[in-house]
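Protein chains in written order, with numbering that gives the first Met the number 0: chain A, 0 to 92; chain B, 0 to 92.
Using N, Cα and C, we set each Cβ at its ideal position, and we do this for glycine too.
Encoded as structure tokens, the structure appears first; notes follow it.
There are 2 protein chains.
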Amino acid sequence: MGEQNRLREFIKQILMEYARYKHSYGDIEVQTIFDTENDHYQLVNVGWNGYRRIYGCVLHVDIKNGKIWIQHDGTEEGVARVSTNQRLWPPIT
Amino acid sequence: MGEQNRLREFIKQILMEYARYKHSYGDIEVQTIFDTENDHYQLVNVGWNGYRRIYGCVLHVDIKNGKIWIQHDGTEEGVARVSTNQRLWPPIT
């Protein structure tokens, strides 16, 4: 269970890091959605740019059987590459 | 806090009801994502149809200041209409 919690904290940290970036236009909330019970982790854009609705999942990561599954990655550079390049991955004990 | 919990259970029930419907094609998981701490509730399709990736949020509902916010509704009939038509809304105490 310690390993599982380590993965959880690792994913949350990465998503919260992305959530710090704010949009330069419109009124857009960057939500982090953490379902730690079922191990689903998401980053979602919700808001408006003038009269235009903005809605979209940026990142969706799950933990399944102790492994990280990148279900959706809408980031420019790719979350897997960034976390490995920055030596974030594998998470350090 | 009782009212807030009642809203939470109400939203969860509706989303779980939708999640019972399975896709007639491909290998698609219908995920319910419940972040009860930040009050974000989602229904997401994740999977494959042959070699084609299937990913999309069907429903996203938040609770903000004791009110239900339908952030995204990709259901055919509209979740607000269905819940009111079926007299699910307002939730009965």
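Beta-carbon proximity of residue i to residue j, cut-off 8 angstroms
{"i": "Leu42/A", "j": "Thr31/A", "result": "yes"}
{"i": "Asn44/A", "j": "Val29/A", "result": "yes"}
{"i": "Lys11/A", "j": "Phe33/A", "result": "yes"}
{"i": "Gly46/A", "j": "Asp61/A", "result": "no"}
Where residue i falls, given that 16 or more other Cβ within 10 Å makes a residue buried
{"i": "Gln3/A", "result": "exposed"}
{"i": "His22/A", "result": "exposed"}
{"i": "Tyr94/A", "result": "The structure shown does not extend to residue 94/A, since chain A is modelled only from 0 through 92, so no value can be given for it."}
For residue j and residue i, the rounded distance between their alpha carbons
{"i": "Val57/A", "j": "Gly77/B", "result": "24 angstroms"}
{"i": "Ile13/B", "j": "Ser82/A", "result": "36 angstroms"}
{"i": "Gly1/B", "j": "Thr74/B", "result": "29 angstroms"}
{"i": "Asp38/A", "j": "Arg5/B", "result": "24 angstroms"}
{"i": "Lys66/A", "j": "Ala18/B", "result": "24 angstroms"}
{"i": "Phe9/B", "j": "Ala79/A", "result": "36 angstroms"}
{"i": "His59/B", "j": "His71/A", "result": "16 angstroms"}
{"i": "Asn84/B", "j": "Gly55/A", "result": "28 angstroms"}
{"i": "Ile69/B", "j": "Tyr40/A", "result": "20 angstroms"}
{"i": "Ile53/A", "j": "Tyr20/A", "result": "16 angstroms"}
{"i": "Glu16/B", "j": "Arg7/A", "result": "28 angstroms"}
{"i": "Tyr24/B", "j": "Tyr24/A", "result": "39 angstroms"}
Heavy atom of the ligand GDP within 7 angstroms of residue i beta-carbon
{"i": "His71/B", "result": "Ligands are entirely absent from the displayed structure, and the ligand GDP is therefore not among its contents."}
Interface partners of residue i on chain A, CB under 7 angstroms
{"i": "Asp34/B", "result": "Ile32, Phe33, Asp34"}
Interface partners of residue i on chain B, CB under 7 angstroms
{"i": "Gln70/A", "result": "Val45, Tyr54"}
{"i": "His22/A", "result": "The contacting residues do not exist; His22/A stays about 16 angstroms from chain B at best."}
Under 8 angstroms by beta carbon: chain B residues contacting residue i
{"i": "Gln12/A", "result": "Those do not exist, as Gln12/A stays about 16 angstroms from chain B at its closest Cβ, beyond 8 angstroms."}
{"i": "Gln3/A", "result": "The premise fails here: Gln3/A is roughly 18 angstroms from chain B at the closest Cβ pair, so nothing lies under 8 angstroms."}
Query - Inside the region 5-72 of chain B only - alpha helix (DSSP H) runs reaching at least 4 residues - result: none
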